[in-house]
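A.B. asks: To convert, take the position in the sequence shown, counting from 1, and add 369; that gives our numbering.
Backbone N, C-alpha and C define an ideal beta-carbon position, used for all residues, glycine too.
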Amino acid sequence: MNTADTIAAPASAVGGAVTVIRISGPEALKVLKKVWCGRSDPGAENNHRKMLLGRVGFDHALAVFMPGPRSYTGDDVGEIHCHGGAAAAANAMNALLGAGARMAEPGEFTCRAFLNGKLDLTQAEAVADLISAGSDAAFKLAGRQLAGALSTKLNALYDGISGLISECEARLDFPDEELDFDPADGAKIEALRKETRGLLDSARTGALLRDGIDVVLAGKTNAGKSSLFNLLSGQDRAIVTPIPGTTRDTVTSHIVLCDLPVTLTDTAGLRESPDPVEQLGVARSRRAIAAAKAVFWVLDSSAPDLTEETSGMEVTPFTIAVWNKSDLAPDRALPPLPCPAVRISATENLGVDELLGLFAKLIYGEGENARVPEVAVNARTAALLTESAEGLEQASARFASGEFELAASDLRRALHAVGKIIGKTADPDVLEEIFRSFCIGK
Ligand SMILES: Nc1nc2c(ncn2[C@@H]2O[C@H](COP(=O)(O)OP(=O)(O)O)[C@@H](O)[C@H]2O)c(=O)[nH]1
Ligand SMILES: [Mg+2]
Numbered sequence: 370m371n372t373a374d375t376i377a378a379p380a381s382a383v384g385g386a387v388t389v390i391r392i393s394g395p396e397a398l399k400v401l402k403k404v405w406c407g408r409s410d411p412g413a414e415n416n417h418r419k420m421l422l423g424r425v426g427f428d429h430a431l432a433v434f435m436p437g438p439r440s441y442t443g444d445d446v447g448e449i450h451c452h453g454g455a456a457a458a459a460n461a462m463n464a465l466l467g468a469g470a471r472m473a474e475p476g477e478f479t480c481r482a483f484l485n486g487k488l489d490l491t492q493a494e495a496v497a498d499l500i501s502a503g504s505d506a507a508f509k510l511a512g513r514q515l516a517g518a519l520s521t522k523l524n525a526l527y528d529g530i531s532g533l534i535s536e537c538e539a540r541l542d543f544p545d546e547e548l549d550f551d552p553a554d555g556a557k558i559e560a561l562r563k564e565t566r567g568l569l570d571s572a573r574t575g576a577l578l579r580d581g582i583d584v585v586l587a588g589k590t591n592a593g594k595s596s597l598f599n600l601l602s603g604q605d606r607a608i609v610t611p612i613p614g615t616t617r618d619t620v621t622s623h624i625v626l627c628d629l630p631v632t633l634t635d636t637a638g639l640r641e642s643p644d645p646v647e648q649l650g651v652a653r654s655r656r657a658i659a660a661a662k663a664v665f666w667v668l669d670s671s672a673p674d675l676t677e678e679t680s681g682m683e684v685t686p687f688t689i690a691v692w693n694k695s696d697l698a699p700d701r702a703l704p705p706l707p708c709p710a711v712r713i714s715a716t717e718n719l720g721v722d723e724l725l726g727l728f729a730k731l732i733y734g735e736g737e738n739a740r741v742p743e744v745a746v747n748a749r750t751a752a753l754l755t756e757s758a759e760g761l762e763q764a765s766a767r768f769a770s771g772e773f774e775l776a777a778s779d780l781r782r783a784l785h786a787v788g789k790i791i792g793k794t795a796d797p798d799v800l801e802e803i804f805r806s807f808c809i810g811k
């Protein structure tokens, strides 16, 4: 990746009222001044970091210049704020490219910030997480990571492993001094392993918060799936009628449940039907249920035959039985089921908090850690932490048996893995892989 040239790209989505165009690199000011004209000079020291009114071509535009290294990328950075819409953005971009800037690759501004030491790799990843966050909790998690909460833990891990390597090397350098296994070192390795395991434990919640979770409402016709769908999504989206077989197609809504971004899907009720359209709907339901991470299986607690109502139910570790219409049969004894169950009334809005309580337990587990963690690692970090944990594990045994040379080599492997997470050692392919998923202009 060339970092010596000057790059430019729109940093805001097309369609908004204002387009922000970013310029970064050694020629940022020169390029900005070629394209933008106004009464004030953005390069004058007393105008640094100030918005100045002028024009790009005939379009009104604000310009600001932020000299490096105190800028987002660490390079000299310019910004043009012009009118929104594709035409105004193209007008300014064409002028910038004509003035010598190159179109930035996805994530190239943040990549430069990383290469200039403004942030480490986990912080750079947090920038992308912040933008794609689908819930307030996911947003806050990304914010903590960007502020360095994960970096602090990983740097401590890195320093701890480095310290142990020095201890091993000291023993190798002075073999005559008979430096034996020091129990304090054993405790240090154990503490590092514990820290690594703790971070690895956050990977599942991290994935759920970043990627969200698919929840499908399944069950027989008329159980009240669409009513529950409308209640949970807070919209009157799915059609509700007393006629069985009303829902034919799957209907989807993006919502937040228990701090998690959830894609909620309402499905056609499962039953045998001679109607070919309904058959297609039922086939779609089955596919959605199979693909879902969690299923709320809606059952009519007022149905005449409850055994019949629960027949055909497919229970997975992520199924919650939702006995609906509790308003019609509040005291009725319900058959036991091999999954967590709750009574609700979708039309009377009863029992929803209990349903969400069961969902939270399913996702976060029980106990004191059953909440959104302070930091949660992503898949890349989890893979490298696993590597590091293995290195620590092996080093621990070598240390105990006095094989310090081998222990040092295991520890170096663990250190290298942690270094890769924060980007102390980063090869270009890894950087490309990480920043490829960013948007252009970020
Ligand atoms: N009394 C009562 N009726 C409900 C409840 N939930 C749904 N219904 C009614 O049951 C019928 C079927 O509901 P619907 O949501 O379309 O069920 P679906 O076929 O599973 O999607 C409609 O007439 C709803 O008004 C409930 O909690 N209590
Ligand atoms: Mg329905």
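(1) Bridge partners of residue 432, per DSSP?
(2) State the Cα-Cα distance for the pair residue 725 and residue 513, rounded to the nearest angstrom.
(3) Considering only C-alpha positions, which residue in the set 397, 685, 435, 460 is nearest to residue 426?
(4) Helix, strand or coil, according to DSSP, for residue 459 in the structure here?
(5) How would you label residue 818, buried or exposed, when you count the other beta carbons within 10 angstroms and need 16 or more for buried?
(6) Using DSSP with H/G/I as helix, E/B as strand and the rest coil, what is residue 569?
(7) Across the segment 633-652 and the segment 687-707, are there enough close Cβ pairs to call them in contact, namely three or more that are closer than 8 Å?
(8) Roughly how many whole angstroms lie between the Cα atoms of residue 372 and residue 429?
(9) Quick check: what's the CA-CA separation for residue 602 versus residue 403?
(10) Could you give the DSSP three-state label for residue 798: helix, strand or coil?
(11) Over the uninterrupted alpha helix (DSSP H) stretch that includes residue 654, give me the two end residues.
(12) Kindly list the residues whose CB is nearer than 7 Å to the CB of residue 374, restricted to its own chain and excluding five residues on each side of it in sequence; keep chain order.
(13) Buried or exposed for residue 646, going by 16 or more other Cβ atoms inside 10 Å?
(14) Per DSSP, which one or two residues make a beta bridge with residue 785?
(15) What does the Cβ neighbour count give for residue 492, buried or exposed, with the cut at 16 atoms within 10 Å?
(16) Buried or exposed, going by whether 16 or more other CB atoms sit within 10 Å of the CB of residue 537?
(17) Between 494, 771, 772, 522, which lies nearest to residue 511 when the distance is taken from Cα to Cα?
(18) Identify, in the order they occur along the chain, each residue of the same chain with its Cβ nearer than 6 Å to the Cβ of residue 741, setting aside the five sequence neighbours on each side.
(19) Please report the Cβ distance between residue 597 and residue 586, rounded to the nearest whole angstrom; I am assuming they are in contact, meaning their Cβ atoms lie under 8 Å.
(20) Scan the segment 700-748 and note each continuous alpha helix (DSSP H) run of 4 residues or more that stays entirely inside, going in chain order.
(21) Are there any heavy atoms of ligand 1 lying less than 6 Å away from the beta-carbon of residue 697, as far as the coordinates show?
(22) Figure out for me which residue from 732, 731, 699, 735 has the closest Cα to the Cα of residue 720.
(23) Along the chain, which unbroken stretches of the alpha helix (DSSP H) at least 4 residues long are found entirely within the segment 554-604?
(24) Which one or two residues does DSSP pair with residue 407 in a beta bridge?
(25) In the DSSP assignment, find the beta strand (DSSP E) that holds residue 388 and state where it starts and stops.
(26) Looking at the structure shown, is residue 541 part of a helix, part of a strand, or coil, going by DSSP?
(27) Does the beta carbon of residue 673 fall short of 6 Å from some heavy atom of ligand 1?
(28) Cα separation between residue 675 and residue 590?
(29) Is residue 531 near ligand 1, with its Cβ less than 6 Å from a heavy atom?
(30) Of all the options 436, 444, 466, 432, which has the alpha carbon lying nearest to the alpha carbon of residue 451?
(31) Nearest CA to the CA of residue 531: which residue from 784, 760, 800?
(32) Would the segment 559-574 and the segment 750-760 be scored as touching if the rule is three or more Cβ pairs under 8 Å?
(33) In terms of alpha-carbon separation, which member of 685, 655, 599 lies closest to residue 731?
(34) Report yes if the C-beta of residue 592 is less than 6 Å from at least one heavy atom of ligand 1; otherwise report no.
(35) According to DSSP, is residue 673 helix, strand or coil?
(36) Is the beta carbon of residue 606 less than 7 Å from the beta carbon of residue 650?
C.D. replies: In terms of the structure at hand:
(1) Per the DSSP secondary-structure output, residue 432 pairs in a beta bridge with 421, 449.
(2) 26 Å
(3) Check the Cα spacing between residue 426 and each of 397, 685, 435, 460: the tightest is with 460.
(4) Under the three-state reduction of DSSP output, residue 459 falls in the helix class.
(5) The chain is shown from 370 up to 811; residue 818 falls before or after that span and cannot be answered.
(6) helix
(7) no
(8) Looking at the two C-alpha atoms, the distance is approximately 31 Å.
(9) 51 Å
(10) helix
(11) 645-660
(12) 394, 471
(13) It is exposed - the Cβ of residue 646 has fewer than 16 other Cβ atoms within 10 Å.
(14) Residue 785 is not bridged to any residue.
(15) buried
(16) buried
(17) 494
(18) 506, 628
(19) 6 Å
(20) The segment 700-748 contains, as complete alpha helix (DSSP H) runs of 4+ residues, the segments 721-733 (chain order).
(21) yes
(22) Looking only at 732, 731, 699, 735, the smallest Cα-Cα distance to residue 720 is reached by 699.
(23) 572-580, 594-602
(24) 423
(25) 387-393
(26) helix
(27) no
(28) 14 Å
(29) False, no ligand heavy atom lies under 6 Å from that Cβ.
(30) 432
(31) 784
(32) Verdict: yes, contact present.
(33) 685
(34) yes
(35) coil
(36) no
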